[in-house]
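Residue numbers (the working numbering): 791 to 915.
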């Protein structure tokens, strides 16, 4: 148990991930304003992308590109490009999802005249 705690404090990226994730979760769960909920969900998504990039880091690693004339390759010397590609895809999908969710929030505001979740639910009944 002690080793787990010391390993965690040696990697401040994990602490930043947990703080960002919990802040986003707190914003999404406690605020009744729909825009604030969307922002909280976006912070959660950003923290997940942050931890994905953190996991893909390799000390002393290099890009997986073979130079002309190289024949012997040791895979342990290279950084895996898949997490970086997934992160870029996640950023694009996140921005598109944010745009759609904000347009839905705008439509809710035009229809019900409020962004408060409780007032919108009352008007739905």
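All residues carry an ideal CB built from backbone N, CA and C; glycine is no exception.
Remember, it's a predicted structure, so these values are computed and weren't measured experimentally.
Around the CB of residue 912, fewer than 16 other CB atoms lie within 10 Å, so the residue is classed as exposed. Residue pairing from DSSP places residue 823 in a beta bridge opposite 906.
Sequence-distant Cβ neighbours of residue 891 in its own chain, meaning closer than 6 Å and more than five residues away, are 828.
Sequence-distant partners of residue 833 (beyond 5 residues in either direction) whose C-beta falls short of 7 Å from its own C-beta, in its chain, are 810, 813, 814 and 817. The alpha-carbon of residue 837 is positioned some 14 Å away from that of residue 885. The beta carbon of residue 888 sits closer than 8 Å to the beta carbons of 828 and 832 from its chain, once the five residues preceding and following it are set aside; these are given in chain order.
The C-beta of residue 835 has 16 or more other C-beta atoms within 10 Å across all chains shown, which makes the residue buried. When DSSP states are grouped into helix, strand and coil, residue 798 belongs to the helix group. Distance from the CA of residue 830 to the CA of residue 907, rounded to the nearest whole angstrom, comes to 15 Å. When DSSP states are grouped into helix, strand and coil, residue 896 belongs to the helix group. A residue is called buried when at least 16 other Cβ atoms come within 10 angstroms of its Cβ; residue 857 does not meet this threshold and is exposed.
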